[in-house]
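Sequential numbering from -19 applies to the sequence shown in this note's numbering.
Cβ atoms here follow ideal geometry from the backbone N, Cα and C, with glycine treated the same way.
Notes follow once the structure below has been shown.
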Amino acid sequence: MMPDFISAFLFSLETQYTTGYGTRAPTTECPEAIFLLSVQSIFGVLLQSVMVGAVFAKLARPKNRGHAISYRDSIFLLWPVTVVHKIDISSPLFELSPLDLMKSDIEIVVSLVCTAETTGQQTEVRCSYTPCDILWGHRFRTILESDSSGFVVDYSKFDETESLDMPLCSAKQLELNIKPNSDGNTNETCLSEK
């Protein structure tokens, strides 16, 4: 039986915050202690709510993975996706030869935007390539091979390139040189000999 309202209030606090039913230090004789205990209990719940919210927000936020997705070292496109820029008369690279490329201040910016199917979070990574980063007449080595058991991916070759027999001239010069001239011969001055 509760003798008065303050005793019932203290009993309620002890029940709500599981502080116990043992001998009570704050008594009905000290209203300041009751007030302080009430404020402390309410502040404790608010502080705990804020901390849980902050931890949840931190865990639920997608991580900045721009540093983890490197175009030069570890870009991963699901097979058989291939990204190609066709160099034809409408391409801004149509008139660039290897020498012109090295002299130019061109910069190719690649932007990759994807959405994780499991979380629906969007990731965007951008990388720029200057003439020093571009290898003329190279391609990435094949990393996907098939054998009797299926496909094998050799990740040790992931960043490796191999040299191709490619003309050392612009696509425009190549197009002009491949077309037969008036005597029916082709002009092969810009074709490389490897």
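| request: For the alpha helix (DSSP H) holding V35, just list the boundary residues, first then last. | output: For the purposes of this step, residue 35 is taken as the residue at position 55 of the sequence shown. Here the alpha helix (DSSP H) through V35 covers 11 to 40.
| request: From the DSSP output, read off the bridge partner residues of C120. | output: In the sequence shown, counting from the first residue as 1, residue 120 sits at position 140. Checking the displayed sequence, the identity of residue 120 turns out to be Phe instead of Cys. DSSP lists T141 as the beta-bridge partner residues of F120.
| In chain order, what residues of the same chain lie with their CB nearer than 6 Å to the CB of S150, ignoring the 5 residues before and after it? | Here residue 150 is taken as the residue at index 170 of the sequence shown, counted from 1. Answer for S150: E75, L76, S77, listed in chain order.
| request: Consult DSSP for C149 and reduce its assignment to one of helix, strand or coil. | output: The residue labelled residue 149 in the question sits at position 169 within the sequence shown. In the structure shown, C149 sits in coil (DSSP, three-state: anything other than H, G, I, E or B).
| field | F120 and T99 closer than 9 Å at C-beta | value | Translated into the one-based positions of the sequence shown, residue 120 becomes position 140. Translated into the one-based positions of the sequence shown, residue 99 becomes position 119. No. Outside cutoff.
| field | V90 beta carbon less than 9 Å from that of S70 | value | Position 90 of the sequence shown, counting from 1, holds the residue named residue 70. Position 110 of the sequence shown, counting from 1, holds the residue named residue 90. No; because the gap between Cβ atoms is not below 9 Å, this pair is not in contact.
| field | CA-to-CA distance, L148 to D139, given in whole angstroms | value | As a first step, residue 139 is located in the sequence shown; it is residue number 159 there, counting from the start. As a first step, residue 148 is located in the sequence shown; it is residue number 168 there, counting from the start. Distance between the alpha carbons of D139 and L148: 23 Å.
| field | Best match in I114, Y135, H118, G117 for proximity to L124 [C-alpha to C-alpha] | value | To locate residue 124, count along the sequence shown from 1; it is residue 144. If you compare the alpha carbons of I114, Y135, H118, G117 with that of L124, the shortest gap goes to Y135.
| task | Flag this pair as yes or no: are the beta carbons of S21 and L39 separated by less than 9 Å? | result | The sequence position of residue 21 within the sequence shown is 41, counting from 1. The sequence position of residue 39 within the sequence shown is 59, counting from 1. Cβ atoms of S21 and L39: not closer than 9 Å.
| field | Cutoff 8 Å; reference F131; Cβ partners in own chain excluding five residues on either side | value | Taking the first residue of the sequence shown as position 1, residue 131 is located at position 151. Taken in chain order, the residues that qualify are L124, E125.
| said: So, for V133: in the same chain, excluding its five sequence neighbours on each side, which residues have a beta-carbon less than 7 Å away from its beta-carbon? | reply: Against the sequence shown, residue 133 aligns to sequence position 153. I123, L124.
| message | Please report the straight-line C-alpha distance between G24 and S18, rounded to a whole angstrom. | response | As a first step, residue 24 must be located in the sequence shown, where it is residue number 44. As a first step, residue 18 must be located in the sequence shown, where it is residue number 38. Those two C-alpha atoms are separated by around 10 Å.
| query | In whole angstroms, what separates the C-alpha of T110 from that of I67? | reply | Walking along the sequence shown from the start, residue 110 turns up at place 130. Walking along the sequence shown from the start, residue 67 turns up at place 87. Their backbone Cα atoms lie some 18 Å apart in a straight line.
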